[in-house]
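Enquirer: As they're listed, the protein sequences go chains B, P, A and U. Going by the working numbering, the first residue of the first sequence is number 1, and it counts up by one from there. Going by the working numbering, the first residue of the second sequence is number 227, and it counts up by one from there. Going by the working numbering, the first residue of the third sequence is number 453, and it counts up by one from there. Going by the working numbering, the first residue of the fourth sequence is number 679, and it counts up by one from there. One structure coming up, written as structure tokens, with questions to follow.
Number of protein chains: 4
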Amino acid sequence: MSAQERPAELTAERPVPRPAARPAARPGRRRDEAKDDAILAATLELLAERGYDGMTMDAVADRAGAGKATVYRRWPSKVRLAADALVCNRSARLSIDDVPDTGSLRGDLAAMRRLATRVNNANDDALTGVWSIVQDDPEVAAIFREQFVKSKVGLMRAVLERAQARGEVPAGRDLEMIAMVGPALLSYHKLANGGSLEEGFVERMIDEVIVPLATCAPVPEPAGSR
Amino acid sequence: MSAQERPAELTAERPVPRPAARPAARPGRRRDEAKDDAILAATLELLAERGYDGMTMDAVADRAGAGKATVYRRWPSKVRLAADALVCNRSARLSIDDVPDTGSLRGDLAAMRRLATRVNNANDDALTGVWSIVQDDPEVAAIFREQFVKSKVGLMRAVLERAQARGEVPAGRDLEMIAMVGPALLSYHKLANGGSLEEGFVERMIDEVIVPLATCAPVPEPAGSR
Amino acid sequence: MSAQERPAELTAERPVPRPAARPAARPGRRRDEAKDDAILAATLELLAERGYDGMTMDAVADRAGAGKATVYRRWPSKVRLAADALVCNRSARLSIDDVPDTGSLRGDLAAMRRLATRVNNANDDALTGVWSIVQDDPEVAAIFREQFVKSKVGLMRAVLERAQARGEVPAGRDLEMIAMVGPALLSYHKLANGGSLEEGFVERMIDEVIVPLATCAPVPEPAGSR
Amino acid sequence: MSAQERPAELTAERPVPRPAARPAARPGRRRDEAKDDAILAATLELLAERGYDGMTMDAVADRAGAGKATVYRRWPSKVRLAADALVCNRSARLSIDDVPDTGSLRGDLAAMRRLATRVNNANDDALTGVWSIVQDDPEVAAIFREQFVKSKVGLMRAVLERAQARGEVPAGRDLEMIAMVGPALLSYHKLANGGSLEEGFVERMIDEVIVPLATCAPVPEPAGSR
DNA sequence: CTGTAAACGAGACGGTACGTCCTGTCTTTGA
DNA sequence: TCAAAGACAGGACGTACCGTCTCGTTTACAG
Chain B
1 MSAQERPAEL TAERPVPRPA ARPAARPGRR RDEAKDDAIL AATLELLAER GYDGMTMDAV
61 ADRAGAGKAT VYRRWPSKVR LAADALVCNR SARLSIDDVP DTGSLRGDLA AMRRLATRVN
121 NANDDALTGV WSIVQDDPEV AAIFREQFVK SKVGLMRAVL ERAQARGEVP AGRDLEMIAM
181 VGPALLSYHK LANGGSLEEG FVERMIDEVI VPLATCAPVP EPAGSR
Chain P
227 MSAQERPAEL TAERPVPRPA ARPAARPGRR RDEAKDDAIL AATLELLAER GYDGMTMDAV
287 ADRAGAGKAT VYRRWPSKVR LAADALVCNR SARLSIDDVP DTGSLRGDLA AMRRLATRVN
347 NANDDALTGV WSIVQDDPEV AAIFREQFVK SKVGLMRAVL ERAQARGEVP AGRDLEMIAM
407 VGPALLSYHK LANGGSLEEG FVERMIDEVI VPLATCAPVP EPAGSR
Chain A
453 MSAQERPAEL TAERPVPRPA ARPAARPGRR RDEAKDDAIL AATLELLAER GYDGMTMDAV
513 ADRAGAGKAT VYRRWPSKVR LAADALVCNR SARLSIDDVP DTGSLRGDLA AMRRLATRVN
573 NANDDALTGV WSIVQDDPEV AAIFREQFVK SKVGLMRAVL ERAQARGEVP AGRDLEMIAM
633 VGPALLSYHK LANGGSLEEG FVERMIDEVI VPLATCAPVP EPAGSR
Chain U
679 MSAQERPAEL TAERPVPRPA ARPAARPGRR RDEAKDDAIL AATLELLAER GYDGMTMDAV
739 ADRAGAGKAT VYRRWPSKVR LAADALVCNR SARLSIDDVP DTGSLRGDLA AMRRLATRVN
799 NANDDALTGV WSIVQDDPEV AAIFREQFVK SKVGLMRAVL ERAQARGEVP AGRDLEMIAM
859 VGPALLSYHK LANGGSLEEG FVERMIDEVI VPLATCAPVP EPAGSR
């Protein structure tokens, strides 16, 4: 029932968010699509102001100028609404085409870092606030993983592949693994730091970890390996 | 109010977990110390079965065969109880002395991995479920960081330093950063995988990321480097 | 607003139920008069099946094959609809001319009872269910009193007057009061009985109360009266 | 479950309202019996001020200084609460012993009328407001019939029996039926009058209906009866 | 025959009450 | 004095219904 009932954001890949809608006309009043946005906006605001627990469904409805029924007609539960609000809000997603080819891996990473900062910093933090709650719902959890993990890793991997094509990265490296290192370190650092990002951390990470790891020659396996 | 009221786990450094308690006799019934364990066990079970939201205080008390008041006499809130349950349960902590010196970084890491598996696998997973909630409480958050981040990174760093002393790791590497890579990748992988650890992932991580990163020669900085 | 909007039943005396309507033509689609009946029928059914609370406006519209707007275009509220449904349905009203002159009060009453049974039994019962709700609306309440109280008492009074003309009932009796006794007992009995009418109750009432009361000689007032 | 859970008023005959209660002691906080009264009082007030629909459960809890859970722990639904409030409030119930023996039926009735006015006038009116709603619940309906119908009829019957013993009322009269006439007329009159009682109505009823009916000689059955 | 106005079925809307559940506190009885 | 049991205030959740409004379609008069 739900895949069609709910707004499409959480259930489809973004590129085609609403699949051309109902081809045949249905009777009855149309849903006010503007309400979706109003509700999501209200949700996001309240999430930021008061946290997940303070984000009351009544408050959401109220601030969105909607009735609770309207909210529940579109999202089946508070968790799903919060999840959708966070996912949808990741306004732009970076793709490899957004990252300029600077001619070096190090340059590309620096460029990427600048783009990413502009795009989705605040959201990542808000996300942490609902992460554990969102995990209860397996479907939502999958979407979240897609949105917040795989997309980052994918972008990083594309950058690495470009560097490999350029000859910077030797063949035979486990790019999948290496692509995870950046995002992983970033989020682990935030974990260890109470959510804040230390000045200069990203640069240090790029210079001390990612670039060396990607560009150094493969170490020969020890003879009697394991 | 709390430092004395609550079991010591969350408020003191582990070495002296329960401060020998009151030696002199007080009037009245003694606290049943066994109840602490029953409550923590119940908490952990429910956390695993139903997640943080499903872990009701009533259910905890019920399963522990205790009254709610008993629970609240020992822990000041649900969050703290959940936090304590997770922290306390990390029965043993590894130190560098527990990791045998196999003569190679790769061997040490493999040994460490075997030890760690025995010790604290299940718990790390349960942790993910309460992470964000636990963050609300700054004191708890600090303990958690200590327990789940710094201790891992510290151990890893010690292993790296041993390898450096052995001559495997070149001087001048940012060991702090490199030590984070292992734990970060592990937890990020679990995040991306819904909590489960893919077969062979750790080995791949050791061979493709940590060992190369630690042992390869530093790459020369590009000429016009920032 | 309403007198013209709504079907005429509740606002006009029955004899001219729908005042020949607008002779001049207006543009636009005509109201489907058949829908009135469908809606009233649905209302009555649901009232009987589920009571006033269970009689949802959505359910009424649904069962009548109508939209809610259609219902609300014709009746301004749920109460009024329920009221109308009950009132309109009292298909025929008995008048003194319908009651054959059997030559005795007792015979006339028996005849009347047979007629009344045919006419409006089920409805009286449904009525009880909305009585108190209907009271909120003063206009509706007035109609209801007219329909369900005065009409019965009026008929009974006519029968009593015929008996008085016949010489059965002594002059000087308070016919107004006596005429109320029958209807009052009937409805009170239903109240006390959960809506059902005990077998033989009407006959007993006629023989033990109405006839004796109407025909006996007036009792002499006690000497030092009040 | 419910008979014991709820306060006893609606489920037991008043004389032994709470059946000696729990003989053995149970652990746990006792129910605050004062809350019962506070809640019932709040209910009654709100019922009077705003009617049944306006009597919100939240408002009741609020005014009673209680939580909604406390209300719902004691009454299973709004209807039951309203019902109980009305029934319990009939502070005193008249019995035949309260009606002085004036030596004549007419005098007894006048005395009874004075007593009844003092005791339960307002309540009868409030009752009308919930009657139809209360009817949905068969158990409550039965209690209401008991309280508001049978008790009145019973008292009236006792007065008639006393008059019969005195010789005022001939043997062989259908006292059950005659006892209903008074209450029936009264409530029917209120029905027809929008709830208000016309000045002098009761006296007229006593003199023109009840006394004549009870004291007149039985009319001979017509020969060829029906 | 075409335009326009109204009524139609469907169903979304704002609002609001209901009854359930959970947290953290308080009270009672027993050990 | 502490324990178990459980009642308490408060407040959020998700459901249901009322009366209104908006769609896109159908009907019927007007020109």
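Heads up, the beta-carbon is just placed ideally off N, CA and C, and yes, glycines get one too.
Which residues mark the beginning and the end of the alpha helix (DSSP H) in which A260 (chain P) is found?
Expert: Within the second sequence, numbered from 1, the residue matching residue 260 (chain P) stands at position 34. 259-280 is the extent of the alpha helix (DSSP H) around A260 (chain P).
Enquirer: Among A:G555, A:L638, A:P479, A:V523, which residue has its Cα nearest to the Cα of T569 (chain A)?
Expert: Taking the first residue of the third sequence as 1, we reach residue 569 (chain A) at position 117. Ranking the options by Cα distance to T569 (chain A), first place goes to A:L638.
Enquirer: The alpha helix (DSSP H) with A440 (chain P) in it runs from where to where?
Expert: If you number the second sequence from 1, residue 440 (chain P) lands on position 214. Segment 437-441, the alpha helix (DSSP H) holding A440 (chain P).
Enquirer: Using CA coordinates, which residue listed in B:E139, B:K190, B:P212, B:V87 is at the minimum distance from P396 (chain P)?
Expert: Position 170 of the second sequence, counting from 1, holds the residue named residue 396 (chain P). With distances taken between Cα atoms, P396 (chain P) lies closest to B:P212.
Enquirer: Which chain B residues are close to I404 (chain P), counting only those with a beta carbon under 9 Å from its beta carbon?
Expert: Position 178 of the second sequence holds residue 404 (chain P). Per Cβ cutoff of 9 Å: E208, V209.
Enquirer: Apart from the five residues just before and just after A716 (chain U), which ones in its own chain have a Cβ nearer than 6 Å to its Cβ?
Expert: Walking along the fourth sequence from the start, residue 716 (chain U) turns up at place 38. These residues qualify, in order along the chain: A742.
Enquirer: Which chain U residues sit within Cβ distance under 7 Å of A644 (chain A)?
Expert: Along the third sequence, read from residue 1 onward, the residue named residue 644 (chain A) stands at position 192. Here the neighbours are R823, V827, K828.
Enquirer: Please report the straight-line C-alpha distance between G781 (chain U) and A895 (chain U), rounded to a whole angstrom.
Expert: On the fourth sequence, position 103 is the one that residue 781 (chain U) refers to. On the fourth sequence, position 217 is the one that residue 895 (chain U) refers to. The alpha-carbon atoms of G781 (chain U) and A895 (chain U) are separated by roughly 20 Å.
Enquirer: For the ligand PLP, any of its heavy atoms closer than 7 Å to the Cβ of A440 (chain P)?
Expert: Within the structure as shown, the ligand PLP is missing, as the structure has no ligands at all.
Enquirer: Would you call the stretch 559-569 of chain A and the stretch 606-618 of chain A touching, i.e. three or more CB-CB distances under 8 Å?
Expert: yes
Enquirer: Would you say P409 (chain P) faces chain B, with C-beta separation under 8 Å as the test?
Expert: Numbered from its first residue, the second sequence carries residue 409 (chain P) at position 183. Yes, P409 (chain P) lies at the interface with chain B (some Cβ there is under 8 Å from its Cβ).
Enquirer: Within the same chain, show all residues whose beta-carbon is closer than 6 Å to that of K378 (chain P), passing over the 5 residues directly before and after it, in chain order.
Expert: To locate residue 378 (chain P), count along the second sequence from 1; it is residue 152. Counting only Cβ-Cβ distances below 6 Å, and skipping sequence neighbours, we find P409.
Enquirer: Mind listing the chain B neighbours of R289 (chain P)? Cutoff is C-beta to C-beta under 9 Å, in chain order.
Expert: In the second sequence, residue 289 (chain P) corresponds to position 63, counting from 1. The premise fails here: R289 (chain P) is roughly 20 Å from chain B at the closest Cβ pair, so nothing lies under 9 Å.
Enquirer: Quick check: the Cα distance between M858 (chain U) and R728 (chain U), rounded to an integer number of angstroms?
Expert: Position 180 of the fourth sequence, counted from the start, is the residue given in the question as residue 858 (chain U). Position 50 of the fourth sequence, counted from the start, is the residue given in the question as residue 728 (chain U). Rounded to the nearest whole angstrom, the C-alpha separation of M858 (chain U) and R728 (chain U) is 32 Å.
Enquirer: Three-state secondary structure (DSSP) at E824 (chain U)?
Expert: As a working note, residue 824 (chain U) is residue 146 in the fourth sequence. In the structure shown, E824 (chain U) sits in a helix (DSSP, three-state: H, G or I).
Enquirer: Do you know offhand how far R707 (chain U)'s Cα is from F826 (chain U)'s?
Expert: By 1-based counting over the fourth sequence, the position of residue 707 (chain U) is 29. By 1-based counting over the fourth sequence, the position of residue 826 (chain U) is 148. Near 36 Å, if we compare the C-alpha coordinates of F826 (chain U) and R707 (chain U).
Enquirer: Roughly how many whole angstroms lie between the Cα atoms of E655 (chain A) and I856 (chain U)?
Expert: Indexing the third sequence from 1 puts residue 655 (chain A) at position 203. Indexing the fourth sequence from 1 puts residue 856 (chain U) at position 178. Going from the Cα of E655 (chain A) to the Cα of I856 (chain U) covers about 14 Å.
Enquirer: Please look up how many angstroms separate the CB atoms of A535 (chain A) and V523 (chain A), rounded, as I've assumed it's under 8 Å.
Expert: Locating residue 535 (chain A) in the third sequence gives position 83, counting from the first residue. Locating residue 523 (chain A) in the third sequence gives position 71, counting from the first residue. The Cβ separation is near 14 Å, so there is no contact.
Enquirer: Give me the Cβ distance between L115 (chain B) and L94 (chain B), rounded to the nearest whole Å; I'm assuming they're in contact under 8 Å.
Expert: For this step, residue 115 (chain B) is matched to residue 115 along the first sequence. For this step, residue 94 (chain B) is matched to residue 94 along the first sequence. Sure, about 6 Å apart at Cβ, within 8 Å.
Enquirer: List, in order along the chain, the chain U residues whose C-beta lies closer than 7 Å to that of R656 (chain A)?
Expert: Stepping through the third sequence from its first residue, residue 656 (chain A) is reached at position 204. Per Cβ cutoff of 7 Å: D852, M855.
Enquirer: Along the chain, where does the alpha helix (DSSP H) containing D740 (chain U) start, and where does it finish?
Expert: Position 62 of the fourth sequence holds residue 740 (chain U). D740 (chain U) -> alpha helix (DSSP H) spans 735-741.
Enquirer: Residues of chain A with CB closer than 9 Å to the CB of S865 (chain U), please, in chain order.
Expert: Along the fourth sequence, read from residue 1 onward, the residue named residue 865 (chain U) stands at position 187. Within chain A, the residues near S865 (chain U) are A636, S639, Y640, L643.
Enquirer: Would you kindly work out how many angstroms separate the C-alpha atoms of A42 (chain B) and F201 (chain B), rounded to a whole number?
Expert: Residue mapping note: residue 42 (chain B) aligns to position 42 of the first sequence, counting from 1. Residue mapping note: residue 201 (chain B) aligns to position 201 of the first sequence, counting from 1. In a straight line, the C-alpha of A42 (chain B) is about 33 Å away from that of F201 (chain B).
Enquirer: Is the shortest distance between the beta-carbon of A593 (chain A) and the beta-carbons of chain U less than 8 Å?
Expert: For the purposes of this step, residue 593 (chain A) is taken as residue 141 along the third sequence, with counting starting at 1. Cβ-Cβ to chain U under 8 Å: yes for A593 (chain A).
Enquirer: Quick check: the Cα distance between E886 (chain U) and S648 (chain A), rounded to an integer number of angstroms?
Expert: What you label residue 886 (chain U) is simply residue 208 of the fourth sequence in a count that begins at 1. What you label residue 648 (chain A) is simply residue 196 of the third sequence in a count that begins at 1. The alpha-carbon atoms of E886 (chain U) and S648 (chain A) are separated by roughly 29 Å.
Enquirer: Would you call the CB atoms of L499 (chain A) and M509 (chain A) closer than 8 Å?
Expert: As a first step, residue 499 (chain A) is located in the third sequence; it is residue number 47 there, counting from the start. As a first step, residue 509 (chain A) is located in the third sequence; it is residue number 57 there, counting from the start. Against a cut-off of 8 Å, the Cβ pair of M509 (chain A) and L499 (chain A) comes out as no contact.
Enquirer: If you measure between the beta carbons of A226 (chain P) and R399 (chain P), is that distance less than 8 Å?
Expert: Nothing in the structure corresponds to residue 226 (chain P), since chain P is present only between 227 and 452.
Enquirer: Let me make sure I understand the geometry here. Which of B:A192, B:E176, B:A59, B:D53 has the alpha-carbon closest to that of E402 (chain P)?
Expert: For the purposes of this step, residue 402 (chain P) is identified with residue 176 of the second sequence, where counting begins at 1. The residue with the shortest Cα to Cα distance from E402 (chain P) is B:A192.
Enquirer: Hey, could you find the ends of the alpha helix (DSSP H) R526 (chain A) is sitting in?
Expert: One-based indexing of the third sequence puts residue 526 (chain A) at position 74. That run of the alpha helix (DSSP H) goes 520-526.
Enquirer: By Cβ distance below 8 Å, which residues in the same chain neighbour G293 (chain P) in space, the five residues on each side in sequence not counted?
Expert: Walking along the second sequence from the start, residue 293 (chain P) turns up at place 67. So the list reads A287, once near-sequence residues are dropped.
Enquirer: Which whole-angstrom value describes the C-beta separation of R257 (chain B) and G380 (chain P), a residue pair presumed to lie in contact below a C-beta threshold of 8 Å?
Expert: Because chain B here runs from 1 to 226, residue 257 (chain B) falls outside it and cannot be looked at.
Enquirer: Given a cut-off of 8 Å on the beta-carbon distance, is the pair I821 (chain U) and V757 (chain U) in contact?
Expert: Start at 1 with the first residue of the fourth sequence, and residue 821 (chain U) comes out as number 143. Start at 1 with the first residue of the fourth sequence, and residue 757 (chain U) comes out as number 79. Contact: no.
Enquirer: Helix, strand or coil for S773 (chain U) per DSSP?
Expert: The residue labelled residue 773 (chain U) in the question sits at position 95 within the fourth sequence. Coil at S773 (chain U), not helix or strand.
Enquirer: Alpha carbon to alpha carbon, what distance is there between E591 (chain A) and R474 (chain A)?
Expert: The residue given as residue 474 (chain A) occupies position 22 in the third sequence. The residue given as residue 591 (chain A) occupies position 139 in the third sequence. Unreliable positioning characterises R474 (chain A) in this predicted model, as indicated by a pLDDT of 42, which lies under 50. The coordinate reading is nonetheless provided below. Cα-Cα distance, rounded: 25 Å.
Enquirer: Does DSSP put E203 (chain B) in a helix, a strand or coil?
Expert: As a working mapping, residue 203 (chain B) is identified with position 203 in the first sequence. Helix at E203 (chain B).
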